[in-house]
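Step one of this worksheet: look at the structure below.
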Amino acid sequence: MASGIDGLVSGLDTTSLINSLISAESTTQNQLKSRVSDQQLAISSYRTVNTSMSSLMTAAQAMSSSTALDVMSATSSSTDVAASVTSSAKAGTFDFKLLQTAKSEVQLSDSFGGLGDAATTGSAVTVTVGGKAMPDLTPKDSSLGSLVDAINGRSDLGLRAAAISMGDGTFRLQVSNSKTGEAGAFSLGGLTSAMTTTQPGQDAKIALAGASTAVVRSSTNTFSNVTPGLTFTVKPTAVANQDISLSVSQDADTVTSNMQKLVDAANAAISTITAQTKYDAANNKGSPLSGDFTVRQLSQQITSAIGLSATGGMSAADAGVQLSRDGKLTFDSAKFKATLASNPDGLKKLLGATATTDNPAITFSSATQRTQPGTYTVSVSALADSSTGAGVTGTISPVGKPALGTTGAGNVLTVTDLDSFGAGLSVNATATGTATITVNAGLAQRLANVAQAATDSSNGSLTRAINGRQSSVDDLNTQIASWDVRLADKKTSLQKQYSALEVALGKLKDQGNWLAGQLAGLG
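To convert, note that position 309 of the sequence shown is 330 in our numbering; the numbers rise steadily by one, no gaps.
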């Protein structure tokens with residue numbers, strides 16, 4: 022492509038010349054833009070690490086919970102009964118005889134010659150459900166079809182109606198309660214036909230094994246919390262008078278799977294940190310966070326959390342977790358299950374938060390991932406008062422530090438300062454007085470603490486690093502914008518200078534031409 026010549030008098034390509042001068046002047050701005058790009062890459066890398074640490078925190082919190090090992094499952098001896106449990110369920114068996122299932126009441130009318138036949142004696146139909154009088158039904162007319170529509174149009178009744186074709190040209194009105202149970206009995210008044218109860222509403226009933234008179238009933242086919250945390254549902258078609266056994270046991274497979282998730286999350290975090298901080302010596306090329314101490318120390322903190330022993334001497338290796346030569350964690354699920362079966366209390370101490378106290382009347386209750394290990398002084402001034410509903414009152418102070426904000430619920434006193442050293446710490450008091458409580462963090466609790474300290478949305482190390490880099494980006498962008506104005510002014514100035522040059526050269530050329538003409542005339 023040919024260059025444009027816009028210096029009509031001088032013959033100079035002033036546009037290219039000006040652009041070259043501006044390009045040379047832009048070196049500093051380009052350096053600023055490069056620094057912005059570097060900072061944005063670093064921010065992206067920090068966020069990648071933050072995501073992996075957040076995943077680690079989620080997995081660690083699950084295993085550091087006081088109920089982490091209390092995952093239970095239930096099995097039934099009969100396919101007619103499905104059971105489920107919550108963490109409050111205890112291992113054991115529950116045996117019973119199924120006497121009957123719950124049914125809803127069903128009523129049937131005499132025959133009608135057609136849908137247009139009169140089904141009501143007046144403009145209103147009285148309704149009683151479960152012994153309670155309901156607002157009257159007001160069908161648009163007295164026909165069977167209108168009565169069916171009126172019943173189905175009133176959701177507050179909980180009744181369902183249908184005009185059943187009997188195949189011989191006649192119809193019968195069938196009304197049923199949508200709910201099961203004896204309390205679902207109903208009656209309709211003001212009809213031209215009597216209603217016959219073809220299926221009375223009945224409760225589901227079971228008799229405790231070996232005690233035929235010890236009957237438990239439910240208005241539905243679901244029995245909730247017959248034993249703490251155990252709920253089971255009987256199929257409506259279940260055969261009556263069958264003996265059923267429900268077994269509740271620890272769900273070792275789920276607990277082991279959750280532990281595997283924690284190990285996987287820790288390995289994923291270590292891999293992410295390695296990828297974002299590695300340095301390629303062969304090509305003399307670093308990653309966005311090469312040499313970044315904030316990120317590198319996270320990997321060290323993760324492995325350190327694994328290496329520490331729990332109170333009582335149990336180590337991560339006893340739970341099947343070990344650190345391999347490549348810096349990753351390995352998990353022996355069989356060993357974990359064996360420890361879970363033989364020493365669940367020791368495993369709980371290994372994973373979660375535990376504590377010791379010098380006063381048996383004031384004891385450790387629970388902690389969160391925000392609770393820092395250490396020694397706390399607890400002073401209980403008053404126990405809960407059931408007559409007023411007031412909870413326990415007192416103070417909790419980390420040794421050598423001011424008292425923390427607390428609240429009492431019953432006799433449990435909890436630290437409410439979310440950003441404090443002892444955030445989330447709860448103690449149980451059965452008497453007033455003082456106690457010294459030392460909190461120890463287990464493997465999962467320590468990992469949760471490491472992840473929390475990194476990802477906390479207000480004061481996490483990664484959060485601060487991201488905010489710091491973003492502040493630099495904002496400052497650099499301000500400088501870049503300032504350079505945009507400076508360069509634009511410079512370009513305008515150069516354009517004016519070269520324009521003035523062309524004008525001056527044009528005048529000189531005109532003078533030269535005039536002088537040449539004059540000299541030629543003299544000759």
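Note that the Cβ used here is the ideal one computed from N, Cα and C, for glycine as well. Since we're looking at a predicted model, the values are computed, not measured.
> What does P419 pair with, by DSSP beta-bridge criteria?
Replying inline: Locating residue 419 in the sequence shown gives position 398, where the first residue counts as 1. According to DSSP, which records beta bridges pairwise, P419 is partnered with Y397.
> When burial is assigned at 16 or more other CB atoms within 10 Å of the CB, is D313 buried or exposed?
Replying inline: Locating residue 313 in the sequence shown gives position 292, where the first residue counts as 1. Counting Cβ neighbours within 10 Å, D313 comes out buried, since at least 16 surround it.
>> Can you find the residues in the same chain that come closer than 8 angstroms, C-beta to C-beta, to S86, ignoring five residues on each side of it along the sequence?
In response: Residue numbering aside, residue 86 sits at position 65 when the sequence shown is read from its first letter. Excluding positions up to five away in sequence, the list reads G373.
>> With a threshold of 9 angstroms between beta carbons, is L310 in contact with chain C?
In response: Annotation note: the requested chain C is absent from the structure, which comprises a single protein chain.
> How far does the alpha helix (DSSP H) with T499 in it reach, from first residue to last?
Replying inline: Within the sequence shown, the letter at position 478 stands for residue 499. Looking at the DSSP string, the run of the alpha helix (DSSP H) that includes T499 is S482 to L543.
> Is it a yes or a no for the region 256 to 269 touching the region 121 to 139, going by three-plus beta-carbon pairs under 8 angstroms?
Replying inline: yes
> With DSSP run on the structure shown, which of helix, strand or coil describes R193?
Replying inline: Position 172 of the sequence shown, counted from the first residue, corresponds to residue 193. Correct three-state label for R193: strand.
> What are the residues that DSSP puts in a beta bridge with N461?
Replying inline: By one-based count along the sequence shown, residue 461 stands at place 440. N461 is bridged by DSSP to T375.
> Is V420 buried or exposed, if buried means 16 or more other CB atoms sit within 10 Å of its CB?
Replying inline: Within the sequence shown, numbered from 1, the residue matching residue 420 stands at position 399. V420 is exposed by the Cβ-count criterion.
>> Give me the residue from T213, T241 and A184 with the minimum Cα distance to S199.
In response: Start at 1 with the first residue of the sequence shown, and residue 199 comes out as number 178. Considering only alpha carbons, the answer is T241.
> Around the C-beta of P309, are 16 or more other C-beta atoms found within 10 angstroms, so that it is buried, or is it exposed?
Replying inline: As a first step, residue 309 must be located in the sequence shown, where it is residue number 288. The residue is buried, with at least 16 neighbouring Cβ atoms inside 10 Å.
>> Quick check: what's the CA-CA separation for A521 versus G538?
In response: To locate residue 521, count along the sequence shown from 1; it is residue 500. To locate residue 538, count along the sequence shown from 1; it is residue 517. Rounded to the nearest angstrom, the two C-alpha atoms are 26 angstroms apart.
> Can you find at least 3 beta carbon pairs, one from the region 220 to 239 and one from the region 47 to 65, that sit closer than 8 angstroms?
Replying inline: Too few Cβ pairs lie closer than 8 angstroms, so no.
>> In whole angstroms, give me the CA-to-CA distance for A184 and G137.
In response: Along the sequence shown, one-based indexing puts residue 184 at 163. Along the sequence shown, one-based indexing puts residue 137 at 116. One C-alpha to the other measures close to 11 angstroms.
> Which residue's Cα is closest to the Cα of Q271: G429, A403 and L90?
Replying inline: Translated into the one-based positions of the sequence shown, residue 271 becomes position 250. That would be L90, whose Cα lies nearest to the Cα of Q271.
> Does DSSP put R317 in a helix, in a strand, or in coil?
Replying inline: In the sequence shown, residue 317 corresponds to position 296, counting from 1. Correct three-state label for R317: helix.
>> Under 8 angstroms: do the region 343 to 352 and the region 280 to 287 share three or more Cβ pairs, one atom per stretch?
In response: yes
>> Could you give the first and the last residue of the continuous beta strand (DSSP E) run that contains D157?
In response: For the purposes of this step, residue 157 is identified with residue 136 of the sequence shown, where counting begins at 1. Counting along the chain, the beta strand (DSSP E) containing D157 begins and ends at K153 to L158.
> Of the residues Q532, G533, L529 and K512, which one's Cα is nearest the Cα of I39?
Replying inline: In the sequence shown, residue 39 corresponds to position 18, counting from 1. Residue K512 is the option with its Cα nearest to I39.
> What do you get for A541, buried or exposed, if any count of 16 or more other CB atoms within 10 angstroms of its CB means buried?
Replying inline: For the purposes of this step, residue 541 is taken as the residue at position 520 of the sequence shown. Its Cβ having fewer than 16 others within 10 Å, A541 is exposed.
> Does the beta-carbon of V506 have 16 or more other beta-carbons within 10 angstroms, so that it is buried, or is it exposed?
Replying inline: Along the sequence shown, read from residue 1 onward, the residue named residue 506 stands at position 485. Exposed is the label assigned to V506, since fewer than 16 other Cβ atoms lie within 10 Å of its Cβ.
>> To the nearest angstrom, how far is the alpha carbon of K161 from that of A225?
In response: One-based indexing of the sequence shown puts residue 161 at position 140. One-based indexing of the sequence shown puts residue 225 at position 204. Distance between the alpha carbons of K161 and A225: 38 angstroms.
>> Taking the straight line between their C-alpha atoms, what separation do you get for Q128 and A103?
In response: On the sequence shown, residue 128 is found 107 positions in, with the first residue counted as 1. On the sequence shown, residue 103 is found 82 positions in, with the first residue counted as 1. Spanning the two alpha carbons is a distance of roughly 30 angstroms.
> What distance in whole Å lies between the Cβ atoms of D101 and V255, which are believed to be in contact at a cut-off of 8 angstroms?
Replying inline: Looking up residue 255 in the sequence shown gives position 234. Looking up residue 101 in the sequence shown gives position 80. The pair is a contact, with the Cβ atoms about 6 angstroms apart (cut-off 8 angstroms).
> Just how far apart, CA to CA, sit A296 and Y397?
Replying inline: As a first step, residue 296 must be located in the sequence shown, where it is residue number 275. As a first step, residue 397 must be located in the sequence shown, where it is residue number 376. Approximately 40 angstroms, taken between the alpha carbons.
> So V255 is in the beta strand (DSSP E); what residue range does that whole segment cover?
Replying inline: Against the sequence shown, residue 255 aligns to sequence position 234. That run of the beta strand (DSSP E) goes L251 to V255.
> Are L380 and G454 closer than 9 angstroms when you measure CB to CB?
Replying inline: Mapped onto the sequence shown, residue 380 falls at position 359. Mapped onto the sequence shown, residue 454 falls at position 433. Rather than Leu, the amino acid found at residue 380 in this sequence is Asn. In contact: N380 and G454 (Cβ atoms closer than 9 angstroms).
>> Which of the three DSSP states is assigned to F357 in this structure?
In response: For the purposes of this step, residue 357 is taken as the residue at position 336 of the sequence shown. Shown here, F357 sits in a helix according to DSSP, grouped into three states.
>> Assuming N246 is part of the beta strand (DSSP E), what are its boundary residues?
In response: In the sequence shown, residue 246 corresponds to position 225, counting from 1. According to the DSSP assignment, N246 belongs to the beta strand (DSSP E) that extends over T243 to T248.
> DSSP on A548, reduced to helix/strand/coil?
Replying inline: The chain is shown only over 22 to 544; residue 548 falls outside these bounds and no answer can be derived.
> On the three-pair Cβ rule with 8 angstroms, is the region 482 to 497 touching the region 66 to 82?
Replying inline: yes
> Per DSSP, what kind of secondary structure is D59 in: helix, strand or coil?
Replying inline: For the purposes of this step, residue 59 is taken as the residue at position 38 of the sequence shown. It is helical.
> In three-state terms, what does DSSP make of V433?
Replying inline: Taking the first residue of the sequence shown as 1, we reach residue 433 at position 412. The answer is strand: DSSP assigns V433 an E or B state.
> Taking A204 as the reference, which of Q318, T213, S125 and G445 has the closest Cα?
Replying inline: Within the sequence shown, residue 204 is the residue found at index 183, counting from 1. Ranked by Cα distance from A204, the first of Q318, T213, S125 and G445 is S125.
> Three-state secondary structure (DSSP) at G426?
Replying inline: As a first step, residue 426 must be located in the sequence shown, where it is residue number 405. Assignment of G426 by DSSP, reduced to helix, strand and coil, places it in the coil class.
> Which of the three DSSP states, helix, strand or coil, is assigned to V169?
Replying inline: Position 148 of the sequence shown holds residue 169. It is helical.
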